[in-house]
């Protein structure tokens, strides 16, 4: 899932470059709503230790709290607390049951039969049935919801999803409700990563009554099914989550989680030192001071390498990056070690490949790429442009393009124009339409599988392939890896695909992020995973 800014970034969580433009949404082509069920009595689960955890969310509101539209890490962090799906990832990034208490897989590996928990319920106590699951999946794939849907990426393995999104079918043929507690999902081929993809917010359940009665602002008062409910949302100032008393699993131990936003979240390290925050992410500019062993904060610092990639994307259909030699030249301009060690104060790992360390399939044998201006100049001389002065005007957007501008001016003598969009959604629309020559971006894993990077970012026609990269040989390798049953074989295929992608140079890998988080000693049970913070429900304050 994409990150909306470079460091500092509060709680990087989950990967899709999708901030989406809402259309007026009418009801999906799903069965008529059932009579309103009688709410179940509150579960007799132990109440947590109580208390309020205070942290920051960032400079602005989350882009959406609609699970079907989640496309950034901040929104995903919150949606995971308020909503839930059939399955989820635990703090070890393994798939575990959630709304579904169990499932079976058919002999051919294509049909999953899910059995819901009898205690599954929305926050108001209303039981959750398989019709709610079906409605949510149909809604997430309805082309009237938005011009670009995350469901194409995260639910696209389910038979009929792509046809539904493309307007060629009224319903998803691969979804079948067998009874109120049982449904099946049929995918197009056996794929080992399917359940992990299903843990993405796009597959989460929403309450049809809340959606249809709340109109465009239904997420202001969602009736979710996660461990917390949305209690307060003062836009660009404060967002408060409260314990869901009707949660069907172990209830959250905290009474509340308070997220400061905007001006209230300014100078988070100072707020933390003053005792006004319990948890905060540490920016690269503060890293040296916080890591100093003479500073008491060093004892409260947690360091976790992230499954992430920050990179420059080169649109292979836009001159001058339609010339592979120009693309290769640009991979040689930035000193990645200097970027990691000097610009970012040693707080990240230089990236030479796509897959981050710790990701299955990571290739430690990819050779480092050193900055080589002489070689870059020779490549441009050998291109059809002949010399840097003959390159067409270049306009860049996004992260790190300012540094690129300085390097290109110093090494090639040409000027890159750096622009930005006032609205981030306009920027993403331009990306999705292939209008941007070069852009800086970041991707954080949605699930720990190489498919989430290589297939999602580089397959021909993928909604996240903003470089417009297309290589039939790579697509074939990705197809083979998707259905390979042996892990060793899958990793070999993904490594071959990654090496071919790097040779074609549609992106310039820059670095893999490391999350540095300060956590007060009295905060217990908070786990920062290689995909950020997944769960606040296990956290308690022990003063």
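Numbering (the numbering used here), first residue to last: 9 to 551.
Virtual Cβ for every residue (Gly too), placed ideally from N, Cα, C.
It should be emphasised that the depicted structure is a prediction, and the values quoted were computed from it without experimental measurement.
In angstroms, rounded to a whole number, what distance separates the CA positions of residue 213 and residue 233?
8 Å
What separation, rounded to the nearest whole angstrom, lies between the Cα atoms of residue 197 and residue 152?
27 Å
Residue-chain proximity (residue 204, chain D), Cβ-Cβ < 8 Å
This model lacks chain D altogether; it includes just one protein chain.
Expected contact under 8 Å - CB spacing of residue 379 and residue 341 to nearest Å
7 Å
Count Cβ pairs between the segment 205 to 212 and the segment 181 to 189 that sit closer than 8 Å; are there 3 or more?
no
Since I believe residue 287 is in contact with residue 61 (beta carbons under 8 Å), could you give me their beta-carbon distance rounded to a whole number of angstroms?
7 Å
Straight-line Cα distance separating residue 182 from residue 193:
6 Å
Kindly indicate the opening and closing residues of the beta strand (DSSP E) around residue 527.
522 to 527
Unbroken alpha helix (DSSP H) run spanning residue 510, endpoints
495 to 512
Would you decide whether residue 231 is buried or exposed? Buried here means 16 or more other CB atoms lie within 10 Å of its CB.
buried
Quick check: the segment 354 to 363 against the segment 314 to 323, are there 3 or more CB pairs under 8 Å?
yes
Contacts around residue 442, its chain only, beta-carbon distance under 8 Å, and the 5 residues preceding and following it disregarded
323, 325, 326, 474, 476
Alpha carbon of residue 320 to alpha carbon of residue 409, nearest angstrom
8 Å
Rounded to the nearest angstrom, how far is the Cβ of residue 264 from that of residue 273, given a contact under 8 Å?
Not a contact, Cβ separation roughly 17 Å.
Where residue 207 falls: helix, strand or coil (DSSP):
coil
The segment 342 to 359 in contact with the segment 289 to 308 per 3-pair CB rule at 8 Å
yes
Helix, strand or coil, according to DSSP, for residue 187 in the structure here?
strand
According to DSSP, what are the bridge partners of residue 559?
Given a span of 9 to 551 for the chain in the structure shown, any question on residue 559 remains unanswerable.
Give the DSSP bridge partners of residue 105, in chain order.
95
Rounded to whole angstroms, what is the Cα-Cα separation between residue 260 and residue 244?
26 Å
Using 10 angstroms around the beta-carbon of residue 89, count the other beta-carbons present and answer buried if the total reaches 16, otherwise exposed.
buried
Report the three-state DSSP secondary structure of residue 459 (helix, strand or coil).
helix
Excluding sequence positions up to five away, which residues of its chain have a Cβ less than 7 Å from the Cβ of residue 201?
455, 457, 459
Cβ distance (whole Å) where residue 502 is taken to contact residue 462 below 8 Å
6 Å
Exposure of residue 304, with buried meaning 16 or more beta-carbon neighbours within 10 Å
exposed
So, using beta-carbon positions, are residue 99 and residue 521 closer together than 8 Å?
no
Taking the CB atoms as reference points, tell me whether residue 548 and residue 533 lie closer together than 8 Å.
yes
At 4 residues or longer, and completely inside the segment 335 to 409: list those alpha helix (DSSP H) runs for me, N to C.
381 to 390
Hey, how far is the Cα of residue 509 from the Cα of residue 115?
34 Å
The segment 416 to 431 / the segment 394 to 403 touching (three or more Cβ pairs under 8 Å)
yes
Exposure label - residue 34; buried when at least 16 CB within 10 Å
The pLDDT assigned to residue 34 is 36, lower than 50, so where the model puts this residue is not dependable, and the model offers no usable value.
Strictly by DSSP, which residues pair up with residue 516?
320
Using alpha carbons as the reference points, say which of 348, 492, 281, 500 lies closest to residue 308.
281
Of the residues 118, 119, 83, 139, which one's Cα is nearest the Cα of residue 128?
139
Nearest residue (CA-CA) to residue 453, options 92, 101, 72, 73
101
CA-to-CA distance, residue 488 to residue 246, given in whole angstroms
47 Å
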